[in-house]
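Heads up, the thing below is written out as C-alpha cells.
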Amino acid sequence: MTRVLVIGHGKIALTLIEGILKAGLHNKYYFEICGREFKKVETFIKFHHLESHFHALPPTPPLFIDEAIVFLCTKPQGLESFVFGGKARAVVSVMAGVSIAKIQQSIHAIGYARIMPNIAAKYQKSCSALYCKDLDWESIGDLVQSFGKVVVVEKEELIDASIAVSGSAPAFLALIAQALMDAGVREGLARLQSKEFVRGMFEGFALLLQQQDPQEIMDLVASPGGTTIEGLSVLESRGVRGAIMEACHQAVARAKKL
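Be aware that the sequence shown starts at 14, since it is given in my numbering, and climbs by one per residue.
Right under this line is the structure:
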C-alpha cells in the first residue's frame, strides 16, 4: 500500500483530505499527517474524526519520505520547519508562489508537481491547474482528481496565473453573491428569501456557463431598453469589470511575492 504523507493541517489540508475521503481512496493508500506540533495534528485528526484513515506522524528530523507521495499543504514559510530524509516517489505542492526549484532545495523526490485547487475540492468540484516536472501526472491522477477537474498546464508560471480564475475566485464570487443577497433585502425581500434566490441563481448559472459564453448569457437576458441592460450599464460605468480583473491581477502578483 503506497504511503501518502500530508504536510500541514490547516484549511487547505482539510479540504483536500475531505475530497480524498469522498473519493474512497482511504482504502487504497496509507495516509499520514505531519505538522510542526504533533499534539495539534493529533487534535486535528480527532476533531475531524479521521482516526480510522489518517495517522499522526511526529515531525522528528529527519522525516523519512522514501517511496512516499508527499503533499505539501503548509504555508510557504512553514516548509523550512521540516527536515526531510530519503527520496520521495512524488512531491505535490499546493503552496502558492513557491516554485519547484525552491521546493527541490528542501525535499528530494523522483518527480514534482504543483497543483492549485480551491475550496470546492471538499465537494470534489475544484477545477485545479496542475504542473508536473519529471512526473507522469497519471501516477498521481486518482489523488489529484479526487479534488475535482484537473487542467494540466505546460508552464509552471501558469499555476500562479490560475489563482486569478480558480484559487482565489470563490472568494470574489462570494463577495458578488453577498452583494446580490443584500440587494434583495434592500428591495424588500426577507434575508432567507434573498439567499434562496441567489443560491438558486448560481446553480442555474453554472449550468448555463457550461453551454454558453458570458456575453451570450448577457445578450439573452438583456432585452433592448429593459431592466437588465439598465443595471449592466451601471456596473460598466462603475468599472466593475476592470475592478474584478485588477483584483485577480493583484492576487497573482501577491502569490509571486510569497
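Cβ atoms here follow ideal geometry from the backbone N, Cα and C, with glycine treated the same way. Since the structure is predicted, the reported quantities are computational estimates derived from the model, not experimental observations.
As assigned by DSSP and simplified to three states, the class of residue i
| i | result |
| --- | --- |
| F60 | helix |
| K88 | coil |
| S139 | strand |
| A126 | strand |
| L70 | coil |
| I46 | strand |
| F77 | strand |
| I242 | helix |
| K269 | helix |
| K146 | strand |
| F95 | coil |
| I120 | coil |
| V111 | coil |
Exposed unless 16 or more other CB atoms sit within 10 angstroms - verdict on residue i
| i | result |
| --- | --- |
| G161 | buried |
| K135 | buried |
| S139 | buried |
| A26 | buried |
| A268 | buried |
| I20 | buried |
| I153 | buried |
| P130 | buried |
| H22 | buried |
| Q225 | exposed |
| T15 | exposed |
| A103 | buried |
| V198 | exposed |
Where the beta strand (DSSP E) through residue i begins and ends
| i | result |
| --- | --- |
| V105 | 101 to 106 |
| M14 | Per DSSP, M14 belongs to no beta strand (DSSP E) and is neither H nor E. |
| G161 | 161 to 165 |
Minimum Cβ-Cβ distance from residue i to chain D less than 7 Å
| i | result |
| --- | --- |
| V105 | Looking at the structure shown, chain D is missing, and only one protein chain is on hand. |
Boundaries of the alpha helix (DSSP H) in which residue i is found, first to last residue
| i | result |
| --- | --- |
| R212 | 204 to 224 |
| G32 | 24 to 35 |
| R199 | 182 to 199 |
| Q228 | 227 to 234 |
Anticipated Cβ contact below 8 Å, residue i with residue j, distance rounded
| i | j | result |
| --- | --- | --- |
| D155 | I123 | 18 Å between Cβ atoms; not a contact. |
| I128 | L143 | 5 Å |
| A182 | W150 | Not quite, the Cβ-Cβ distance comes to about 23 Å (not below 8 Å), so this is no contact. |
| H66 | L34 | 7 Å |
| V211 | M231 | Actually they are not in contact, since the Cβ atoms of V211 and M231 sit about 18 Å apart, beyond 8 Å. |
beta-carbon residue i near the ligand MG non-hydrogen atom, thresh 6 Å
| i | result |
| --- | --- |
| T241 | Of ligands this structure carries none, so the ligand MG is not represented either. |
query = If we count Cβ pairs, one from each stretch, closer than 8 Å, do we get three or more for the region 118 to 137 versus the region 77 to 93?
reply = yes
inquiry  = Any contact between the region 94 to 113 and the region 66 to 76? By contact I mean 3 or more CB pairs, one from each, below 8 Å.
reply    = yes
ask   = Is there contact here, the region 100 to 116 with the region 57 to 65, by at least three beta-carbon pairs under 8 Å?
value = no
query = Any chance the region 158 to 176 sits against the region 259 to 266, with 3 or more Cβ pairs inside 8 Å?
reply = yes
query = Counting Cβ pairs closer than 8 Å, one from the region 245 to 264 and one from the region 81 to 90, do we hit at least three?
reply = no
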